[in-house]
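First residue of the sequence shown? That's 0 in numbering that gives the first Met the number 0, and the numbers climb one at a time after it.
Note that the Cβ used here is the ideal one computed from N, Cα and C, for glycine as well.
These numbers come from a predicted model, not from an experiment.
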Amino acid sequence: MVERVKTGIPGMDVILNGGIPKRNVVLLSGGPGTGKTIFGQQFIYYGLRHGEPGMYVALEEHPVQLRINMSQFGWDVRKYEEQGLFAMVDAFTSGRGEAAKREKYVIQDTEDLGELISIIRQAINDIGAQRAVVDSVSTLYLTKPSVARNIVMQLKRVLSGLGVTSILVSQVSVSERGFGGPGVEHAADGIIRLDLDEIDGELKRSLIVWKMRGTAHSMRRHPFEITSKGIEVFPDKVLRIGRRFTVEEI
Ligand SMILES: Nc1ncnc2c1ncn2[C@@H]1O[C@H](COP(=O)(O)OP(=O)(O)O)[C@@H](O)[C@H]1O
Ligand SMILES: [Mg+2]
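In structure tokens form, the structure reads like this:
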């Protein structure tokens, strides 16, 4: 029996036959505004509420802004940080600015993979993290795609090696069909793709589990919504993207 980690995102664990197999490193891929950051935050916060410490590596937004954004969904991480159950790794400010001085885990140079890995390892050990989100891993190799696989493999070794179940956010451009490059896609244990498509003058959200080592999963494209409570996935609905887009009960 595979041990599973529930995402806690309504509907998502049904699609995953119970959750993400423990220790899997999952690439969460999608274009801008598709909900990757919110998905990652919801995954972390569900863990915190259920006694599983979590780490969030912030590469794209200011840690202070991330905490504010989370609190708008009712996900207040501050009390978990104070209890040593949540770690925000600041890989955004390089230690510059007043706010950065209050951060406990700061990466000075994100080009220095050794520093990044060592601070991630320290944070995981400090809090006993069982969940991790790196948002986004693409930031680490945007200018040097040839090293992408190596970076992801090194992250995977430390995260999976320490027993952590992780989500690596991967940015793709609006029209791109892939998930973030061949090296990265093959290294990941799982791939969840979030999409935003314009249908009859309206943007519709959907997601598909492309790959998930260690489990069977839905092979369908499911619609989802983002509301003030976060993401809700509809496992009983499928979004067909053909000549016409249709949403059908299944
Ligand atoms: N309270 C909310 N209610 C509904 N939708 C929201 C809310 N907050 C954010 N969103 C939607 O989420 C999108 C941002 O999601 P985010 O996870 O930051 O995207 P990504 O990280 O993939 O770029 C916004 O563009 C908006 O459409
Ligand atoms: Mg984001």
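(message) By the DSSP assignment, the alpha helix (DSSP H) with Pro-52 in it spans what residues?
(response) Here residue 52 corresponds to residue number 53 of the sequence shown, with the count starting at 1. Taken as a continuous stretch (DSSP letters only), Pro-52 belongs to no alpha helix (DSSP H), as it is neither H nor E.
(message) Distance check for Met-211 and Leu-193, CA to CA, integer angstroms please.
(response) Reading the sequence shown from its first residue, position 194 is the one you call residue 193. Reading the sequence shown from its first residue, position 212 is the one you call residue 211. If I take the Cα positions, the gap works out to 15 Å.
(request) With a threshold of 6 Å, establish whether the CB of Pro-31 neighbours any heavy atom of ligand 1. (result) In the sequence shown, counting from the first residue as 1, residue 31 sits at position 32. True, at least one ligand heavy atom lies under 6 Å from that Cβ.
(message) Please tell me whether Phe-178 and Leu-26 are closer than 7 Å, where the distance is taken between their beta carbons.
(response) Here the question's residue 178 lines up with position 179 in the sequence shown. Here the question's residue 26 lines up with position 27 in the sequence shown. Against a cut-off of 7 Å, the Cβ pair of Leu-26 and Phe-178 comes out as a contact.
(request) Determine the burial state of Ala-90: buried for a count of at least 16 other Cβ atoms within 10 Å of its Cβ, exposed for fewer. (result) Your numbering for residue 90 matches position 91 in the sequence shown. Label assigned to Ala-90: buried.
(message) Is Thr-226 a contact residue of ligand 1, with contact defined as CB to any heavy atom under 6 Å?
(response) Start at 1 with the first residue of the sequence shown, and residue 226 comes out as number 227. Under cutoff, so the answer is yes.
(request) List the DSSP bridge partners of Asp-194. (result) As a first step, residue 194 must be located in the sequence shown, where it is residue number 195. Bridge partners of Asp-194: Ser-205.
(request) Assign Lys-67 to one of three DSSP states: helix, strand, or coil. (result) Indexing the sequence shown from 1 puts residue 67 at position 68. According to the sequence shown, residue 67 is Ile rather than Lys. Note: Ile-67 maps to helix in three-state DSSP.
(message) Can you check which of these residues, Ile-207, Val-88, Asp-134, Ile-126, is closest to Glu-114 by C-alpha distance?
(response) Here residue 114 refers to the residue found at position 115 of the sequence shown. Ranking Ile-207, Val-88, Asp-134, Ile-126 by Cα distance to Glu-114 puts Val-88 first.
(request) Would you decide whether Pro-62 is buried or exposed? Buried here means 16 or more other CB atoms lie within 10 Å of its CB. (result) Taking the first residue of the sequence shown as position 1, residue 62 is located at position 63. Answer is buried; the Cβ neighbour count reaches 16.
(request) Return the chain-ordered list of same chain residues with a C-beta closer than 6 Å to the C-beta of Leu-238, the five sequence neighbours on each side being excluded. (result) Here residue 238 refers to the residue found at position 239 when the sequence shown is read from its first residue. Cβ within range, chain order: Ser-205, Arg-220, Pro-222, Val-246.
(message) Taking only three categories from DSSP, how would you classify Tyr-104?
(response) Taking the first residue of the sequence shown as position 1, residue 104 is located at position 105. The answer is strand: DSSP assigns Tyr-104 an E or B state.
(message) Using a Cβ-based criterion (distance less than 6 Å to any ligand heavy atom), does Lys-21 qualify as near ligand 1?
(response) Looking up residue 21 in the sequence shown gives position 22. Not so, every heavy atom of ligand 1 lies at least 6 Å from the Cβ.
(message) I want to know whether the stretch 173–189 touches the stretch 73–89 - three or more CB-CB distances under 8 Å.
(response) no
(request) Classify Lys-143 as buried or exposed, calling it buried when 16 or more other Cβ atoms lie within 10 Å of its own Cβ. (result) By one-based count along the sequence shown, residue 143 stands at place 144. With fewer than 16 Cβ atoms within 10 Å of its Cβ, Lys-143 is classed as exposed.
(message) Let me check understanding here. Comparing Cα to Cα, which of Val-132, Asn-124, Ala-98, Lys-5 lies closest to His-49?
(response) Position 50 of the sequence shown holds residue 49. Of Val-132, Asn-124, Ala-98, Lys-5, the residue nearest in Cα terms is Lys-5.
(message) Measuring only from the beta carbon, is Lys-35 closer than 6 Å to any heavy atom that is part of ligand 2?
(response) Within the sequence shown, residue 35 is the residue found at index 36, counting from 1. Correct: Lys-35 has its Cβ closer than 6 Å to ligand 2.
(message) Considering just the uninterrupted stretch of the alpha helix (DSSP H) at Val-183, what are its terminal residues?
(response) For the purposes of this step, residue 183 is taken as the residue at position 184 of the sequence shown. Start and end: 181–186.
(request) Return helix, strand or coil for Met-152, following the three-state DSSP convention. (result) For the purposes of this step, residue 152 is identified with residue 153 of the sequence shown, where counting begins at 1. Here Met-152 sits in helix by DSSP.
(message) Using 7 Å as the threshold, is the C-beta distance between Glu-59 and Ser-135 below it?
(response) Translated into positions along the sequence shown, residue 59 becomes position 60. Translated into positions along the sequence shown, residue 135 becomes position 136. Closer than 7 Å, so yes.
(message) Using 7 Å as the threshold, is the C-beta distance between Arg-101 and Gly-53 below it?
(response) Looking up residue 101 in the sequence shown gives position 102. Looking up residue 53 in the sequence shown gives position 54. Against a cut-off of 7 Å, the Cβ pair of Gly-53 and Arg-101 comes out as no contact.
(request) Taking only the alpha-carbon atoms, compute the straight-line gap between Glu-97 and Phe-85 and give it to the nearest angstrom. (result) The residue you call residue 97 lines up with position 98 of the sequence shown. The residue you call residue 85 lines up with position 86 of the sequence shown. Their backbone Cα atoms lie some 21 Å apart in a straight line.
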